[in-house]
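Enquirer: First to last, the sequence lines map onto chains A, B, C, D and E.
208 is the number that full-length UniProt numbering gives to position 208 of the first sequence; each next residue is one higher, with no gaps.
105 is the number that full-length UniProt numbering gives to position 105 of the second sequence; each next residue is one higher, with no gaps.
85 is the number that full-length UniProt numbering gives to position 85 of the third sequence; each next residue is one higher, with no gaps.
103 is the number that full-length UniProt numbering gives to position 103 of the fourth sequence; each next residue is one higher, with no gaps.
275 is the number that full-length UniProt numbering gives to position 275 of the fifth sequence; each next residue is one higher, with no gaps.
Have a look at the structure that comes next, please.
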Amino acid sequence: MSKKQKKVVEIRTSRHLKKAISVEQIMRNVVYALLPVCAWSVYQFGISALALILVTTLTCILTESLFCRLSGRPNSVGDYSVVITALLLALTLPPGFPLWMAVVAGFIAIGLGKSLFGGLGFNVMNPALVGRAFVQAAFPVAITTWTPGFVTGRFVEFIPSTLAIPFMSPANTDVWVRQHALDGFTGATPLALQKFEHVTVSTVDLLTGTVAGSVGETSALLIFVCGLYLAFRKMMDWRIPAAIFFGVAVISWPLYLMNSAIYPSPLFMLFSGGLMLGAMFMATDMVVSPMTTRGVLLYGLVIGVLTVLIRLFGGLTEGVMYAILVANALSPLIASVTQPRIYGEQKQEAES
Amino acid sequence: MDPNSLTFIFLNAALINNFVLALFLGLCPFLGVSAKKETAWNMGLATMFVMLVSSISAYGINWILVKFDIEFLRLICYIAVIASAVQLVEMAVKKFSPSLFRALGIFLPLITTNCAILGLALFQTFREYDFLQSLAFSTGAGVGFTIALMLMAGLREKLELAKLPSVSQGAAMSLMLAGLLSLAFMGFAGLGGSHA
Amino acid sequence: MSALPNQQETVTLDTFMRGLWEENPVFVMLLGLCPVLAVTNSTMNAIAMGLATLFVLVASSTLVSLLRKMIPKQVRIATYIIIIATFVTIVDYVIQAISLDLYNALGAFIQLIVVNCVILGRAEAYASKQKVGAAIVNAVGMGVGFTIALLCLGTVRELLGAGTILGFQIFSNNFEPWVVMILPPGGFFVLGAWLLLFEYLKQRKEQKLLAAEGATANGS
Amino acid sequence: MSSAEKVQAHLQPQTPSFAMLRTLGGVAMLSGLLVVLAFQFTKPIIEENKRIAIEKAVSHVIPGVVSKKDFLLSAEGLFPADGDKTAKGEKIYAAYGANGELKGIALEAAATGYQDVIRILYGYNQDCQCVTGIKILKMAETPGLGDKIAFDPDFLKNFEALDARLNGQKSGLENAIVTVKHGSKREQWQIDSISGATISSKAIGRMINESGQRMFPLIIKHLDALRIGQKG
Amino acid sequence: MGLFNLFRRTKTFKHGVHPMAHKEQTAHLAIKRLPFAPKMVIPLAQHIGAPAVPLVKPGQEVVRGEPIAEAGGFVSVPMHAPVTGIVRSIDHLVPTAAGPKTPAIIIDTYEASTQEVLYGLEQDLEQLPREALISAVQASGMVGLGGAAFPSHVKLLPPEGKVIETLIINGCECEPYLTCDHRVMLEQTDKLLAGIRTIMRATGAKRAIIGVEDNKLDAVNAIRAKLPEGSEISCEAVETKYPQGAEKMLIKSLLNKEVPSGGLPVDIGVAVYNVGTMAQLGELIPQSRGLIERVVTVSGPGVCRPGNYLVPIGTPLRFLMEQAGSSSDANEVIVGGPMMGMTVASLDVPVTKGVSGVVVFEKENEDQKDRPVYPCIKCGACLDACPINLNPSMLGQLASVRQYEVMESDYHLNDCFECGCCSYVCPSNIPLTQYFRIAKALNRETKASAAA
Ligand SMILES: Cc1cc2nc3c(=O)[nH]c(=O)nc-3n(C[C@H](O)[C@H](O)[C@H](O)COP(=O)(O)O)c2cc1C
Ligand SMILES: Cc1cc2nc3c(=O)[nH]c(=O)nc-3n(C[C@H](O)[C@H](O)[C@H](O)COP(=O)(O)O)c2cc1C
Ligand SMILES: Cc1cc2nc3c(=O)[nH]c(=O)nc-3n(C[C@H](O)[C@H](O)[C@H](O)COP(=O)(O)O)c2cc1C
Ligand SMILES: Cc1cc2nc3c(=O)[nH]c(=O)nc-3n(C[C@H](O)[C@H](O)[C@H](O)CO)c2cc1C
Ligand code: SF4
Ligand code: SF4
Ligand code: SF4
Ligand code: SF4
Ligand code: FES
């Protein structure tokens, strides 16, 4: 071939244009979207929350690096997905969760939830939730110990259980709560209050986040807005939260109409507990959700319905995590029954 | 909900105390036949079917055993009668519905002497279920088994396309998957109990 | 399965040792997983279950081997099952007599030994073809291998899940148990982790072997 | 016989069904023999074990008991458990002191807890009309959380004298037995729940209330028969 | 994720992508003639089907417009001399944009030869019967100018039992940068309509619809202005979206009908032609001339004088680039549009009948940068982009574990028409379309060797 050409001509195959959005960018933007939620949680719960977030982040990054090295893959920390996992994990833990248990959760989340399956894109369940579900089963007491927010001195003093010695039981927080909390505040979450006492927390409190709960789940409004940012940048599939909200409403509304003394209103259902965080940031983890429109809607619906069923009829007060995990497990099956009809495919073929 | 109600027995056997994921019964077929959705589905159907047959036969035998006060022969009778009942039904199916037989046939002999089936019969006896309760229990167990099997098959098919690390291929991976499923199913704890 | 399907095997140490490692029923052949996972939430249960299985395994192998010439092929499985069921029933009653608490802890799993694939597998693949001596030694090996596997799981799960072994406190009083370990998922995870560990060690050994071979090949 | 055997052998040279029958029959006989032997040998020991277990449980929930007698109790009446086979009812254990005086009644109750059904034995004292103790027979509650119902001293204290007075018509409890939030017990008929295990605690309250509403009026009705139970 | 598509009004199809159009560079520039290159290279296989058979010998003089090769079969077309000059050789290994080297006729242009075409006969189309019209189309050497270069006359003859009822004229030009069809519609409206009428007569179609993307409303208006009231020809605006110009998509948009999987438009009574094809036919057939030049858009950030040029077929790219000028950073020359076109390995390749544009990119173009390839994160963007509704994610994963047969049997690989939408949107930067090309080729090979 003639070598007279001065310039190097590169040979590539077609699609010479590329949409200016990459995995790394998506993941980075999810991290951005989570930062306000983290900031609010630190404001609400103080340095304990900050320590929790930092510890899970560090653990997840180290675990990811370790497993990449062990399995001979290039280090994949740079794609930011591990940071999302870490942040979401921290946001779903109670504020006074012992740090050593958070390390366990982070290690399990990345090790068992992600690296074991080959890393980004191959995991079968949401890694952050795998981590949380593991510690929930391992340390059921610690993970259902809630402490109130906005206590005085939260920026200089840790919640006593936070600093438990590794492998040792955390200190009891009852006394601490009684000393620090505002009047009558027991640290019970709105869902527990509703379920066991039939006391319904006002929707305004749920929206603004002045209630007890996991580090990052308290302010439904803030989470919703941050999620919207992602939806508008098309980095998150808005159909999933929409289907979840629909599923929640469709089950809880008739129940509420039937007996509003026992069953909470759909609004309460939507804004309490981890539903908003779960719907906006966790159910939308694309790796473990179906891809087709019908699939995605079905998936969201399953999560919504399961969440309400577990909350109202199950042993737990909170159902989002398990609902998402079960839906993750279901998603290959959902995908296989919701493959779209391709262009030009004959009707009878589709039916047979 | 009343712990003896049919719905609760069904739900309990299908989800809360799922045979595979919570009680560890029937792991061999669970691990052996969950690689493909299609086989998993057929296996699930076959298991449901055998469970129903053995539940009914166990109920009958137990009645006789109690009547004659020879409960010490229970184990031997259960295993013998279940195996023959399944064999008989298998022959009937083969005769009357060859297509159904083709779908279930190869699995039936595998299942007959399997701990999920015997476990089902023993549990229903220990818990002193009456006939309808036994039916609810066995259908619940069968449905639960099928659900677990299908979920597992879906996940394993998905992982076929993944770039698994070399150490986590094979049985270890299946067990870890089962563990994750079992973890997820913990969410069903207490479902249907009244907690108000 | 067995290396020597039909010819009579002379009893060697290997007849016994095979069951411990090379053909370990749990870790290598993945048989009888249900009891392995179900009863290993404490060491005591693991030991009891191991011994019960060992007994049934040895007794039924012996009987099968004794009767091997008299059992027609068509009814062999039925015969084996009856023999196994007999011994299981006996074990069941004996354990009830020894301790009701233990019996309640093991639940239906004692009776489920009947369908444990290890036992039927031994009867079919080994005892029905070998002399009594070999059958017994092999069965003991398998039974011990099974018990070891149960112990591997039982100790880890009890230690992490309750901080004790055989009920004795191992860690300090303040140890926070990992409850998940004695719950169902823990069973799957611990067995999975053992298998991962074995696989990792095996692969490392193979790599080293390959490297060594490569070195000698280059050297020569 | 031998000719029949020959014919059989002739028809199916490889599988003489006589041999099959012989083997199966022989093995079945052998196994039957072994099982019966084992059963005979262990039966007394097992029954003894069971008796001890029950007695232990009864004495756990009714202090000072020396002997007990089993009854079946239902709306139709009170029957001795080992008498009439057709009698139907819930099994109750009447517990007697050293002098044969009725110390209390032990009853079983069950309800769904956090994970699975919880089954308990609890004692009822007819004189103070109160519950005197509970013992968990079977549960699958979370270790470290729900399983505290079996041994948490604060929780068990609730049942040392839990008020179970009957109402005026003697048709049910004057005050329903309820489990209340940890730290908010005010009345003698309330059960203070274990913090962090509300569900398991509530299950206990529920099952005692449900069983009590049904059984206590019956017990009071048949009190005389129960009192003489041991002597008669 | 069509949150906003809920409100759309123009006709369109499902899915597809919206790349930056970049048409402003050339859309306003009228078609300009290009001078002759000193050496012309006319490959004998510029179209789909059998190569043409040369009629000339080295050393022979040819006149612009004269046939120099005849059709090599029914699915084949003749070639005509683009310039007046002398046949230098018939080379066997000339590189082409498509890649493989093919035989070609090389002509040395006479200096100062005229652009006028001296070859051809006036003919009265009204008098010609259908068969004659069809052979006239073949004689003109016309192939689809929309890119696929399929011999146009073949589409005029529907198979037994099928009739063409509707003619669709493709004026979408959905590829970024390209504006040649746009200019043709504006400047050659009369010829375009004449061509359409001819073809309607040749096919017996009862109506014709010109589909134009709604970013070219001026073209729509220009065409509509020339259409009489109640005409059987109409002109419709369709949504601006890639690949609106793909015939299956355009049929869906305009007629709301789908071409059956594995079938052709004719199966539902439709034939699709590019506007450029029609305009050229409208010009050539009445004078029984051959196709010797076409409009080519030369554009892209690496070009100094972008524009729509009327280029003689056979002009080497090097000459074209010299005329249009390229910047010093130019590093990639694409023949066709940037979505479906191909990078050329050498500037010696000639402009052929199917070349609608030449796009030159510079190094470090924003949407061009090399990105790392991540594993598929199952985001579903590709599913939402694929106009055929395939599952490119699944296909890609299957391709990476080499299950090519499963791709075909279970996931409709063969329905993929390689539009590139999926790779365009993939945030993991997986070369999906490339995988599918390879998979198809390998499957074909497997089948061929199985048959052999
Ligand atoms: C109760 C049961 C026991 C089984 N045991 C074995 C076994 O010992 N060995 C085996 O290879 N497969 C076993 N299987 C698995 C099935 O036979 C399985 O369909 C087959 O191995 C799949 O083979 P393939 O991977 O070649 O399709 C068992 C399945 C069941 C249900
Ligand atoms: C893994 C896990 C296991 C649990 N086990 C029990 C249990 O066995 N019994 C119980 O009452 N609550 C259990 N809970 C807690 C209940 O869900 C619920 O939070 C608690 O009963 C509320 O009590 P509180 O209002 O006193 O905090 C468990 C929670 C988790 C996460
Ligand atoms: C992805 C894709 C995009 C296409 N876009 C256009 C287009 O914008 N304009 C066009 O005329 N043909 C386009 N085509 C080609 C048409 O499908 C069809 O072949 C052509 O319109 C037929 O006309 P012709 O034979 O006259 O070229 C496209 C093809 C594909 C596969
Ligand atoms: C919208 C969105 C939501 C995500 N949610 C989660 C999540 O809930 N948990 C998590 O571990 N990773 C999440 N990720 C990150 C990433 O997908 C995850 O680490 C992969 O599952 C790892 O394979 C999310 C990413 C995006 C873009
Ligand atoms: S080259 Fe093809 S895709 Fe591009 S504008 Fe022309 S016809 Fe459309
Ligand atoms: S290249 Fe194929 S798979 Fe990809 S979008 Fe186009 S038609 Fe669909
Ligand atoms: S666009 Fe790319 S990353 Fe997303 S699902 Fe498709 S192939 Fe996977
Ligand atoms: S796959 Fe088909 S369309 Fe693609 S390059 Fe090969 S022959 Fe051409
Ligand atoms: S041991 Fe349970 S199925 Fe084999």
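Heads up, the beta-carbon is just placed ideally off N, CA and C, and yes, glycines get one too.
Note that the coordinates shown come from a computational prediction; the quantities given were computed from them, not determined experimentally.
1. Please look up how many angstroms separate the CB atoms of residue 263 of chain E and residue 344 of chain A, rounded, as I've assumed it's under 8 Å.
2. Using a beta-carbon distance cut-off of less than 9 Å, what residues from the stretch 72-99 of chain C approach chain B?
3. Between residue 299 of chain E and residue 380 of chain E, is the Cβ-Cβ spacing less than 8 Å?
4. What is the DSSP secondary structure of residue 152 of chain C, reduced to helix, strand or coil?
5. What does a CB cutoff of less than 7 Å around residue 166 of chain C pick up in its chain, not counting 5 residues either side in sequence?
6. Measure the C-alpha to C-alpha separation of residue 287 of chain A and residue 127 of chain A and round it to an integer number of angstroms.
7. Would you verify that the beta carbon of residue 258 of chain E is, or is not, closer than 8 Å to some beta carbon of chain A?
8. Which value, in whole angstroms, describes the spacing of the CA atoms of residue 97 of chain A and residue 166 of chain B?
9. In chain order, what residues of the same chain lie with their CB nearer than 8 Å to the CB of residue 249 of chain E, ignoring the 5 residues before and after it?
10. Would residue 107 of chain A be called buried (16 or more neighbouring beta carbons within 10 Å of its own) or exposed?
11. Considering only the beta carbon of each residue, do residue 113 of chain D and residue 208 of chain D sit closer than 8 Å?
12. Indicate whether residue 137 of chain A and residue 177 of chain C have their beta-carbon atoms separated by less than 8 Å.
13. Taking only beta-carbon atoms, is residue 70 of chain C less than 8 Å away from chain D?
14. Hey, which residues come within less than 7 Å of ligand 6, measuring from Cβ to any heavy atom, in chain order?
15. Based on DSSP bridge pairs, tell me the residues matched to residue 169 of chain C.
16. Roughly how many whole angstroms lie between the Cα atoms of residue 102 of chain A and residue 40 of chain D?
17. Counting pairs of Cβ atoms below 8 Å between the stretch 6-26 of chain B and the stretch 137-145 of chain B, do you hit three or more?
18. I'd like to know if residue 144 of chain A contacts chain D, where contact means its C-beta is closer than 8 Å to some C-beta of that chain.
19. Would you check if the distance between the CB atom of residue 62 of chain D and the CB atom of residue 89 of chain D is smaller than 8 Å?
20. Would you say residue 211 of chain A reaches chain D, if we count a Cβ-Cβ gap shorter than 8 Å as a contact?
21. Out of E:31, E:146 and E:281, point me to the one whose CA is closest to residue 196 of chain E's CA.
22. I need the straight-line Cα distance from residue 328 of chain E to residue 304 of chain E, nearest angstrom please.
23. Within its chain, find whatever has a CB closer than 8 Å to the CB of residue 183 of chain D; leave out the 5 residues flanking it on each side and keep chain order.
24. Listing by chain order, which chain E residues have their CB less than 9 Å from the CB of residue 205 of chain A?
25. How would you list, in chain order, the residues of chain E whose beta-carbon sits under 8 Å from the beta-carbon of residue 155 of chain A?
26. Please confirm whether any heavy atom of ligand 7 lies closer than 7 Å to the CB of residue 353 of chain A.
27. To be precise: take each residue of the stretch 132-161 of chain B, compare its Cβ to all Cβ atoms of chain E, and keep it if any distance is under 7 Å. Which residues remain?
28. If we call anything under 8 Å between Cβ atoms a contact, is residue 44 of chain E one with residue 54 of chain E?
29. Within 10 angstroms of its Cβ, does residue 321 of chain A collect 16 or more other Cβ (buried), or is it exposed?
30. Output the distance between the C-alpha atoms of residue 216 of chain C and residue 402 of chain E, rounded to the nearest integer angstrom.
31. Counting only runs of 4+ residues fully inside the stretch 378-437 of chain E, write out the alpha helix (DSSP H) ranges in chain order.
32. Would you tell me roughly how many angstroms separate the C-alpha atoms of residue 411 of chain E and residue 399 of chain E, rounded to the nearest one?
33. Identify the continuous alpha helix (DSSP H) that holds residue 248 of chain D and give its terminal residues.
34. Could you check if residue 291 of chain A belongs to the surroundings of ligand 7, using beta carbon to heavy atom distance under 7 Å?
35. In this structure, how does DSSP classify residue 125 of chain D when only helix, strand and coil are distinguished?
36. Contact between the stretch 100-111 of chain E and the stretch 125-136 of chain E is defined here as three or more beta-carbon pairs at a separation below 8 Å; is this criterion met?
Expert: Once the coordinates are examined:
1. Between residue 263 of chain E and residue 344 of chain A the beta-carbon gap is near 7 Å, inside 8 Å, which marks them as a contact.
2. Answer in chain order: 77, 78, 81, 82, 84, 85, 86, 88, 89, 92 and 93.
3. No, Cβ-Cβ distance for residue 299 of chain E and residue 380 of chain E is not below 8 Å.
4. Residue state, collapsed to three classes: helix.
5. If we look at residue 166 of chain C and ignore the five residues flanking it on each side, its Cβ neighbours are 43 and 44.
6. Cα-Cα distance, rounded: 10 Å.
7. So, interface residue.
8. Approximately 35 Å between the Cα atoms of the pair.
9. Result list for residue 249 of chain E: 13, 16, 243 and 387, in chain order.
10. Per the 10 Å Cβ criterion, buried.
11. Between residue 113 of chain D and residue 208 of chain D, the gap from beta carbon to beta carbon reaches 8 Å or more.
12. At a Cβ-Cβ threshold of 8 Å, residue 137 of chain A and residue 177 of chain C do not count as neighbours.
13. Yes, its Cβ sits closer than 8 Å to a Cβ of chain D.
14. Any residue whose Cβ sits closer than 7 Å to a heavy atom of ligand 6 makes the list: E:382, E:385, E:386, E:387, E:388, E:390, E:392, E:395, E:416, E:417, E:418, E:419, E:420, E:421, E:422, E:423, E:432, E:433 and E:436.
15. As DSSP reads the structure, residue 169 of chain C sits in a beta bridge with C:164.
16. Those two C-alpha atoms are separated by around 56 Å.
17. Taking 8 Å as the limit for Cβ pairs, the verdict is that the stretch 137-145 of chain B does touch the stretch 6-26 of chain B.
18. Contact with chain D is found for residue 144 of chain A, since one of that chain's Cβ atoms lies less than 8 Å from the residue's Cβ.
19. Taking 8 Å as the Cβ cut-off, residue 62 of chain D and residue 89 of chain D do not qualify as a contacting pair.
20. Against chain D, the CB of residue 211 of chain A has no partner CB under 8 Å away; the residue lies outside that interface.
21. The candidate whose alpha carbon is nearest that of residue 196 of chain E is E:281.
22. One C-alpha to the other measures close to 10 Å.
23. Only residues of its own chain outside the window of five on either side were considered, and among them 192 and 195 have a CB closer than 8 Å to the CB of residue 183 of chain D, listed in chain order.
24. Chain order gives no chain E residues near residue 205 of chain A, where near means a beta carbon separation below 9 Å; the closest approach is about 31 Å.
25. Residues of chain E whose Cβ lies closer than 8 Å to the Cβ of residue 155 of chain A do not exist; the shortest such Cβ separation is about 38 Å.
26. There is no way to answer for residue 353 of chain A, as the model of chain A reaches only from 1 to 352.
27. Residues passing the 7 Å Cβ filter: 161.
28. Yes; because the gap between Cβ atoms is below 8 Å, this pair is in contact.
29. By the 10 Å Cβ count, residue 321 of chain A comes out buried.
30. Cα to Cα, residue 216 of chain C sits roughly 36 Å from residue 402 of chain E.
31. Those alpha helix (DSSP H) runs which fall completely within the stretch 378-437 of chain E and span 4+ residues are 381-385, 392-400, 404-411 and 421-425.
32. Approximately 11 Å between the Cα atoms of the pair.
33. This structure does not reach residue 248 of chain D, given that chain D is present from 1 up to 232, and the question cannot be answered.
34. Yes, Cβ of residue 291 of chain A sits closer than 7 Å to a heavy atom of ligand 7.
35. In the displayed model, residue 125 of chain D falls within a strand according to three-state DSSP.
36. No, the stretch 100-111 of chain E is not in contact with the stretch 125-136 of chain E.
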